[in-house]
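Step one of this worksheet: look at the structure below.
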Ligand SMILES: [Fe+2]
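In our numbering, the protein residues as written are 297 to 585.
Dropping the structure here:
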């Protein structure tokens with residue numbers, strides 16, 4: 297059995313030291329490797345890169361990562377990568393690595409990937425130079441991914457590690473208008489052409505909370521709570537998720553931003569709301585038993 301732990305969008309800031317260290321150190325009991333699918337930092341500053349690198353230093357399992365768009369924001373991606381590699385993390389961008397697990401060889405091809413959209417609603421390399429550059433960047437990264445996966449054909453298991461999504465299915469819950477900025481079908485074509493046993497990506501975390509809110513809805517009716525409290529729980533999860541997403545985006549909206557502004561407080565408000573809503577739902581279900 298090959299056990300792969302994967303995480304993405306941990307968005308470490310300069311003040312995030314120690315937030316995940318205990319969980320990472322415990323990995324040896326649960327996984328044979330840790331894959332990190334990008335956005336390790338909030339804004340890609342060297343200080344944030346150093347903090348997240350310390351968090352990943354000397355873990356009991358191999359750690360393989362790709363960078364995400366947040367890690368590029370400060371134009372210091374080379375420094376972030378250097379910090380991670382100094383910490384023993386294998387960082388992939390069009391490159392590959394292998395991890396041996398009980399005699400089986402796991403090959404991992406990684407790329408940040410980029411946007412462009414999906415079948416029926418995608419950009420093409422046509423028109424203005426900026427549009428061509430946008431789409432050709434994705435094409436180049438997809439070619440690198442395909443080449444990397446093909447070079448791993450002798451492995452027992454092949455994994456495609458991405459930050460941007462190769463398919464729209466895993467973007468469920470995100471606004472369809474932003475799908476072209478969340479991934480590209482070109483990445484899926486690369487995976488399909490070369491073949492892979494598993495594809496992992498990050499980047500689309502708002503949809504996860506929206507998905508959670510949809511899952512919670514049927515359970516609300518089964519709770520033993522007052523009508524007002526039920527109403528609170530019913531809207532609490534999606535509203536909290538929206539606040540968390542808004543905090544992420546609005547806190548670093550300015551291109552010149554090197555650290556989050558006051559809008560970061562939306563994340564904490566949303567987190568509290570989410571916790572209260574989910575715990576209330578759990579209590580309501582227990583009371584109904
Ligand atoms: Fe991202």
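Each residue gets a CB set at the ideal place from its N, CA and C atoms; glycine is no exception.
Quick caveat: nothing in here was measured; it's all calculated off a predicted structure.
Could you pull out every residue in the same chain whose Cβ sits closer than 8 Å to the Cβ of residue i, ignoring the five residues on either side in sequence?
i: residue 343; result: 310
i: residue 327; result: 299, 300, 301, 357
i: residue 381; result: 387
i: residue 351; result: 308, 312, 313, 314, 315, 316, 317, 320
i: residue 510; result: 469
i: residue 373; result: 340, 363, 367
Apart from the five residues on each side of it in sequence, which residues of its chain come closer than 6 Å, Cβ to Cβ, to residue i?
i: residue 313; result: 347
i: residue 540; result: 563, 566
i: residue 452; result: 400, 401
i: residue 390; result: 407, 440
i: residue 547; result: 556, 557, 559, 560
i: residue 349; result: 379, 380, 383
i: residue 516; result: 526, 529, 530
i: residue 385; result: 352, 359, 361
i: residue 505; result: 537
Pull up the CB-CB distance for residue i and residue j, whole angstroms please, since I reckon it's below 8 Å.
i: residue 409; j: residue 479; result: 7 Å
i: residue 388; j: residue 406; result: 3 Å
i: residue 316; j: residue 306; result: 6 Å
i: residue 332; j: residue 359; result: 7 Å
i: residue 494; j: residue 458; result: Wrong, their Cβ atoms sit about 11 Å apart, outside the cutoff.
i: residue 486; j: residue 441; result: 4 Å
i: residue 341; j: residue 378; result: So it is not a contact: roughly 13 Å between Cβ atoms.
i: residue 353; j: residue 383; result: 4 Å
i: residue 518; j: residue 584; result: 6 Å
i: residue 496; j: residue 455; result: 7 Å
For chain C, is any of its Cβ atoms less than 7 Å away from the one on residue i?
i: residue 433; result: Here there is only one protein chain, and chain C is not present.
Mind checking who residue i pairs with in its DSSP beta bridge?
i: residue 494; result: 455
i: residue 304; result: Answer is none; residue 304 lacks a bridge partner.
i: residue 418; result: 413
i: residue 439; result: In the DSSP output, where bridge partners are listed per residue, residue 439 has none listed.
i: residue 401; result: 396
i: residue 337; result: 308
i: residue 386; result: 360
i: residue 329; result: 300
i: residue 407; result: 458
i: residue 479; result: 461
i: residue 391; result: 406
To which residues of the same chain is residue i closer than 7 Å at the C-beta, ignoring the five residues directly before and after it?
i: residue 536; result: 566, 569, 570, 573
i: residue 498; result: 304, 305, 333, 334, 335, 364, 459
i: residue 555; result: 339
i: residue 477; result: 411
i: residue 464; result: 414, 475
i: residue 512; result: 533, 577
i: residue 323; result: 301, 330, 355, 356, 357
Does the beta carbon of residue i fall short of 6 Å from some heavy atom of ligand 3?
i: residue 304; result: In the structure on display, ligand 3 does not appear, and the ligands it does have are ligand 1.
Next on the checklist: Under 8 Å, with one C-beta from each stretch per pair, do the segment 356 to 367 and the segment 416 to 423 reach the 3-pair mark?
Outcome noted: no
Checklist entry - What is the chain-ordered set of residues for which the beta carbon lies under 7 Å from any non-hydrogen atom of ligand 1? => result 305, 334, 335, 364, 365, 366, 459, 498, 499
Next on the checklist: Three or more C-beta pairs under 8 Å: does that hold for the segment 563 to 580 against the segment 529 to 536?
Outcome noted: yes
Checklist entry - With a cut-off of 8 Å, do at least 3 Cβ pairs link the segment 429 to 448 to the segment 383 to 397? => result yes
Checklist entry - Would you call the segment 464 to 477 and the segment 431 to 438 in contact, with 3 or more CB pairs under 8 Å? => result no
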